[in-house]
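Trainee: Here you go, one structure.
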Amino acid sequence: MNNYQRIKPRKPEGIENKRAFLIGSGIASLAAAEYLMRDGQMQGNQITIFEQGNISGGALDGAGDPEHGFVARGGREMEAHYECLWDLYREVPSLEEEGRSVLDEFREINEIDPNFSKVRVIYNRGEKHRRTDLGLHEKNVHELTKLILAREEDLGRQTVEEYFDASFFETDMWLYWRSMFAFETWHSLVEMKRYMQRFIHLLPGMSTMRDLLFTKYNQYDSLVLPLKKHLESKGVNFVFNTTVTDLDFDIAEGQKTVTAIHLDKEGKAETITITADDLVFFTNGSMTENSSLGDMDHAPTLDRSEGAVWALWKKIAAKDAAFGKPDVFCNDIDKTKWESFTITARGSRFRTLLETFAEREFLPHRTATGGIITIRDSNWLMSVTVNRQPQYKNQPADTTVAWAYALFPDNKGDFIGKNMSECTGRELLQELLYHLGIEENEMQAYLDECIVIPAMMPYITSQFMPRVKGDRPEVIPEGSVNLAFVGQFCEIEDDCVFTVEYSVRSAIMAVYGLLNLEKPVPEIYPSQYDIRVLATAVKTMKSDDEGILKKMAESLLKRKLSHTRFADLL
Numbered sequence: 011m012n013n014y015q016r017i018k019p020r021k022p023e024g025i026e027n028k029r030a031f032l033i034g035s036g037i038a039s040l041a042a043a044e045y046l047m048r049d050g051q052m053q054g055n056q057i058t059i060f061e062q063g064n065i066s067g068g069a070l071d072g073a074g075d076p077e078h079g080f081v082a083r084g085g086r087e088m089e090a091h092y093e094c095l096w097d098l099y100r101e102v103p104s105l106e107e108e109g110r111s112v113l114d115e116f117r118e119i120n121e122i123d124p125n126f127s128k129v130r131v132i133y134n135r136g137e138k139h140r141r142t143d144l145g146l147h148e149k150n151v152h153e154l155t156k157l158i159l160a161r162e163e164d165l166g167r168q169t170v171e172e173y174f175d176a177s178f179f180e181t182d183m184w185l186y187w188r189s190m191f192a193f194e195t196w197h198s199l200v201e202m203k204r205y206m207q208r209f210i211h212l213l214p215g216m217s218t219m220r221d222l223l224f225t226k227y228n229q230y231d232s233l234v235l236p237l238k239k240h241l242e243s244k245g246v247n248f249v250f251n252t253t254v255t256d257l258d259f260d261i262a263e264g265q266k267t268v269t270a271i272h273l274d275k276e277g278k279a280e281t282i283t284i285t286a287d288d289l290v291f292f293t294n295g296s297m298t299e300n301s302s303l304g305d306m307d308h309a310p311t312l313d314r315s316e317g318a319v320w321a322l323w324k325k326i327a328a329k330d331a332a333f334g335k336p337d338v339f340c341n342d343i344d345k346t347k348w349e350s351f352t353i354t355a356r357g358s359r360f361r362t363l364l365e366t367f368a369e370r371e372f373l374p375h376r377t378a379t380g381g382i383i384t385i386r387d388s389n390w391l392m393s394v395t396v397n398r399q400p401q402y403k404n405q406p407a408d409t410t411v412a413w414a415y416a417l418f419p420d421n422k423g424d425f426i427g428k429n430m431s432e433c434t435g436r437e438l439l440q441e442l443l444y445h446l447g448i449e450e451n452e453m454q455a456y457l458d459e460c461i462v463i464p465a466m467m468p469y470i471t472s473q474f475m476p477r478v479k480g481d482r483p484e485v486i487p488e489g490s491v492n493l494a495f496v497g498q499f500c501e502i503e504d505d506c507v508f509t510v511e512y513s514v515r516s517a518i519m520a521v522y523g524l525l526n527l528e529k530p531v532p533e534i535y536p537s538q539y540d541i542r543v544l545a546t547a548v549k550t551m552k553s554d555d556e557g558i559l560k561k562m563a564e565s566l567l568k569r570k571l572s573h574t575r576f577a578d579l580l
């Protein structure tokens, strides 16, 4: 969105007579509520958000205390061209500084303290991997180039492993890629193509994560809480411990209209009658549905039940083909799960150990590890990170909070002879310490100072499952009068799931579409079409041992510049 398009839309006719009901309180719903008020000029008291749990934020979490340990199921890597996310937060007030926005404080801390990873990969119980190129061979580059230029409809439900030569999976690029984005070989090739296109401007910094941005605190305190408090101050209604169990529709003559919302409110059934003037926003699907936590002495359980969010989407999908195919994403938990764990470490022992690998002191509100450190030869493919400390506002100065995750929870550990999914928090920490070079007789001292909370997430990469057009509903399905889908499981052309940006973009599209606002949605940053980005890639990648990435960039440049006035540049 350029400045010419950054307008205040006219007030929609009849907006004062409309009500908005949002199912789920993740970032997509919170963003939709904000844009209903900001650009739709709806009053906050006309907006109701239903949440089956007792806290908002969805996958953006962060909680705990020093005594029992802190926990976050996941983390968020962001970048400067999340155009929708930054548009949202430029008008959300900071909770720390009066008169400033969340975007103001976020940008300031990342400008003052830019991210940079000094050690991205380790192996052999603590040796640091110093190579910075991506280790690609000619065949790999050819495959990547073909992938970027391919049409999505020609790729179908093809998986990553079905497309690439086996040599690709031995490269540093694949190691960086899979650990940074949580990609598996059985995931969607279309989604990998989208990531390649969408984030090609980040490729030169993949080994150092130098272009990534991180919040000051955990994602709940830094992103969710300011937005929630802002919405509450405007009168938005939050209804917790309430599950939406079904939607009724009038489907006739090509139109689809929600006519009722059925609720289970703390065990009591209720029904809300919906008119064609009302608006319904549904976050269909959930990455963190049925998550479970363990502790130092207990492994988390794997909950294979369907879950309320998936059950609701299945009910709705059965009523019209335009509402998507949830089974594509939620019916193979063994391919969509992984496990993380949060470490709360008192004293300096564990912090000093990780400072050694980060090659920097963990100063207050400054970059620590600079992103994940991946253990290349871990049988679980484990990664660990320390974000800016403190990560929690109630975190004592003598306490360090680290986060780790692994992509293969059903593999046996290299030190602990058990599957990761069977391990207690104590055993997870022992496995990590082993890979950090700590001997068995030294581990108890670390265990005595740490609290470890594991988190099992059955659906955490369900959005990456192979799919084709129609498996995900459009944000506003054809013929929909008053229903929009938001979140990670609706269809947005060219954008990438497993990002906060995707959820916020879906919210803006939903609000602008249902209210027929003339304001355009911020465009996806067009780096794949930017000659400057491609030229920079050529320059940056000259250090590649075989000049392969240079050839890849030149190939893309020639494709873009052929038959143009710039063709002679090459």
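Residues 11 to 580, numbered by my numbering, are exactly what the sequence shown covers, in order. All C-beta atoms, glycine included, are put in the ideal place defined by N, C-alpha and C. As the structure is a computational prediction, the values presented were derived from the model and not from experiment.
Rounding to the nearest angstrom, what Cα-Cα distance links Thr112 and His91 in this structure?
Mentor: In the sequence as presented, Thr is not what sits at residue 112; that position holds Val. Cα to Cα, the separation comes out at about 16 Å.
Trainee: Mapping DSSP to helix, strand and coil, what is Met219?
Mentor: coil
Trainee: Out of Ala520, Arg376, Ala414 and Gly317, which has the shortest C-alpha to C-alpha gap to Val254?
Mentor: Gly317
Trainee: According to DSSP, is Ile17 part of a helix, a strand, or is it coil?
Mentor: coil
Trainee: Based on DSSP bridge pairs, tell me the residues matched to Pro103.
Mentor: Ser111
Trainee: The beta strand (DSSP E) that contains Tyr456, what's its start and end?
Mentor: Unbroken run through Tyr456 is the alpha helix (DSSP H), Met453 to Glu459; no beta strand (DSSP E).
Trainee: Residues in the same chain with beta-carbon distance under 6 Å from Glu115, minus the five sequence neighbours each way, listed in chain order, please.
Mentor: Ser104
Trainee: Going straight from the alpha carbon of Gln207 to that of Asp307, what length do you get?
Mentor: 44 Å
Trainee: Write down the C-beta distance between Gln440 and Phe80 rounded to the nearest angstrom, noting that I regard them as a contact closer than 8 Å.
Mentor: Taking a contact as a CB-CB distance under 8 Å, the pair Gln440 and Phe80 does not count as one, their CB atoms being some 20 Å apart.
Trainee: By alpha-carbon positions, which one of Pro214, Ser177 and Gly72 ends up nearest to Val543?
Mentor: The alpha carbon of Val543 has as its nearest neighbour, out of Pro214, Ser177 and Gly72, the alpha carbon of Pro214.
Trainee: Quick one, which of Asp175, Arg140 and Leu524 has its alpha-carbon nearest Lys156's?
Mentor: Asp175
Trainee: Thinking C-beta only, is Tyr402 closer than 8 Å to Tyr173?
Mentor: no
Trainee: Taking only the alpha-carbon atoms, compute the straight-line gap between Asp287 and Ser513 and give it to the nearest angstrom.
Mentor: Whole-angstrom Cα-Cα distance: 24 Å.
Trainee: With Asp182 and Gly145 assumed to form a contact (beta carbons below 8 Å), what rounded beta-carbon distance in angstroms separates them?
Mentor: 4 Å
Trainee: Keeping to the same chain, check which residues put their C-beta closer than 6 Å to that of Thr346; ignore five residues upstream and five downstream.
Mentor: Tyr469, Thr471 and Ser472
Trainee: Looking at the structure shown, is Phe80 part of a helix, part of a strand, or coil, going by DSSP?
Mentor: strand
Trainee: Of the residues Leu237, Trp184, Lys325 and Pro530, which one's Cα is nearest the Cα of Asp38?
Mentor: Looking at the sequence provided, one finds Ala at residue 38 rather than Asp. Looking at the Cα atoms, Leu237 is the closest of the given residues.
Trainee: How many Å lie between Pro374 and Gln399 at the Cα?
Mentor: 5 Å
Trainee: Looking at C-beta atoms only, is the number of pairs between the segment 418-434 and the segment 386-395 that lie closer than 8 Å three or more?
Mentor: yes
Trainee: I'd like the list of long-range same chain contacts for Lys128, defined as Cβ closer than 7 Å, with 5 residues on each side in sequence excluded.
Mentor: Ala368, Glu369, Arg370 and Gly380
Trainee: So does the segment 472-486 actually touch the segment 157-168, counting three or more Cβ pairs closer than 8 Å?
Mentor: yes
Trainee: Taking the C-alpha atoms as reference points, what is the distance between Thr550 and Glu503?
Mentor: With a pLDDT of 46 at Thr550, under the threshold of 50, the predicted position of this residue should be treated as unreliable, though the coordinate-derived value follows. Each residue's Cα considered, the two are about 29 Å apart.
Trainee: Nearest to Gly50 by alpha carbon, out of Glu533, Met519 and Ser537?
Mentor: Met519
Trainee: So, Leu446 versus Leu363, is the Cβ gap smaller than 8 Å?
Mentor: yes
Trainee: Please work out which residues of its chain come closer than 8 Å, Cβ to Cβ, to His78, disregarding the five sequence neighbours upstream and downstream, and give them in chain order.
Mentor: Ile461
Trainee: Which residues bound the beta strand (DSSP E) around Ala494?
Mentor: Leu493 to Val496
Trainee: Hey, how far is the Cα of Glu528 from the Cα of Glu488?
Mentor: For the pair Glu528 and Glu488, the Cα-to-Cα distance works out to about 19 Å.
Trainee: Is the number of C-beta pairs between the segment 408-417 and the segment 341-357 that are closer than 8 Å three or more?
Mentor: yes
Trainee: Around the Cβ of Arg86, are there at least 16 other Cβ atoms within 10 angstroms (buried) or fewer (exposed)?
Mentor: Arg86 is buried by the Cβ-count criterion.
Trainee: Under the DSSP definition of a beta bridge, which residues are partnered with Asn526?
Mentor: None, per the DSSP bridge assignment.
Trainee: What separation, rounded to the nearest whole angstrom, lies between the Cα atoms of Asp143 and Glu449?
Mentor: So the alpha carbons of these two residues sit roughly 32 Å apart.
Trainee: Per DSSP, which residues does Ala262 bridge with? Please list them.
Mentor: Looking at the DSSP assignment, Ala262 forms a beta bridge with Gln265.
Trainee: Straight-line CA distance for Gly54 to Pro19?
Mentor: Near 18 Å, if we compare the C-alpha coordinates of Pro19 and Gly54.
Trainee: Anyone know if the C-beta pair for Phe627 and Met475 falls short of 8 Å?
Mentor: Only positions 11 to 580 of the chain appear in this structure, which leaves residue 627 out of reach.
Trainee: Taking only three categories from DSSP, how would you classify Pro464?
Mentor: strand
Trainee: Pick helix, strand or coil for Glu349, following the three-state DSSP scheme.
Mentor: If DSSP states are grouped into helix, strand and coil, Glu349 belongs with the strands.
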